[in-house]
Amino acid sequence: MTVRTFLDALSQNGHRIDAMKVLAHALPKREAVWWACLIAAEARGPSPEAARALEAARAWVIDPTDAHRRSAFAAAQKAGLGTPAGCAAAAAYFSGGSLAPADLPIVAPPEPATAKLVVGTLTFCAVIQEPEKAPEKYAAFLRIGREVAEGQRPWPQAAHDRPVPSSGEGVDAHAAARRPRL
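Each number in the working numbering comes from the position in the sequence shown (counting from 1) with 569 added on.
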């Protein structure tokens, strides 16, 4: 059974949370965090800390450097891990690298941490307002996750990644390099 077939079966049988878990684990971490960013952007609320956490997660997705990853964790702590934006930023931080300070030996994050934090983001977003509509929200979140997986919702390119137009035509190298993940 392919991931896509499994997702379809779970979703069609009302197991949308399980489908979100499968998709969060199946996606590469950068795509999974981007999915969380897209969903959390709708639910981030008025908090300046939440806005900064979401921007930090987004910055890591666009340019996944260790500096952006570590900034995402600082922003997640200020926003709070009990918020969608804080959870999304923490997902970026736990995507790789080291949990130890930069000058100490590497301490790798647990492998499933990013996927679990992405699912946490989605769950918070579903229940933070109108929790009775969570099942419909989960269905919408899954559609967006599939669009991310299929390259239909790419993140913006970093300025240094933008292609230089040749002979009057622009080439979107970022979109061309994206391949469906399911």
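C-beta: ideal position from N, C-alpha, C; glycine also. What you are looking at is a predicted structure, and each value in this text was computed from that prediction instead of being measured.
- Skipping 5 residues on each side, what residues in its chain have a beta carbon closer than 7 Å to that of GLU738? Model confidence at GLU738 stands at a pLDDT of 41, short of 50, so the residue's coordinates are unreliable and nothing is read from them.
Return the first residue and the last residue of the alpha helix (DSSP H) that GLN581 is part of.
-> 572 to 581
LEU627: which of TRP604, TYR707, ALA648, PHE710 sits nearest, CA to CA?
Inspection of the sequence shows that residue 627 is occupied by Arg rather than by Leu. Ranking TRP604, TYR707, ALA648, PHE710 by Cα distance to ARG627 puts TRP604 first.
*Along the chain, where does the alpha helix (DSSP H) that runs through ASP632 open and close?*
No alpha helix (DSSP H) holds ASP632; DSSP gives it neither H nor E.
Inset, instruction - With a threshold of 16 other CB atoms inside 10 Å of the CB of LYS545, please say whether the residue is buried or exposed. - result: The structure shown does not extend to residue 545, since the chain is modelled only from 570 to 751, so the question has no answer here.
query: If you count every other CB in all the chains shown that lies within 10 Å of the CB of THR652, and 16 or more means buried, which is it?
result: buried
Original post:
Considering only residues of the same chain and omitting the five flanking positions on each side of ALA648, which have a CB-CB separation below 6 Å?
Top reply: GLU618, ALA619, ALA622, ALA654, GLY655
- Task: Under 8 Å Cβ to Cβ from LEU607, same chain only, skipping five residues before and after it: list those, please.
- Result: ILE713, VAL717, ARG722
* Excluding the 5 residues preceding and the 5 following SER667 in the sequence, name in chain order all residues of the same chain whose CB lies nearer than 6 Å to its CB. => ILE675, VAL676
* Boundaries (first-last residue) of the alpha helix (DSSP H) holding ASP672 -> Run containing ASP672: none; DSSP gives neither H nor E here.
Please confirm whether ARG585 and LEU751 have their CB atoms less than 8 Å apart.
no
| query | Of the choices VAL687, GLY583, SER640, ARG573, whose alpha-carbon is the least far from that of ALA593? | reply | VAL687
Q) Helix, strand or coil for HIS594 per DSSP? A) helix
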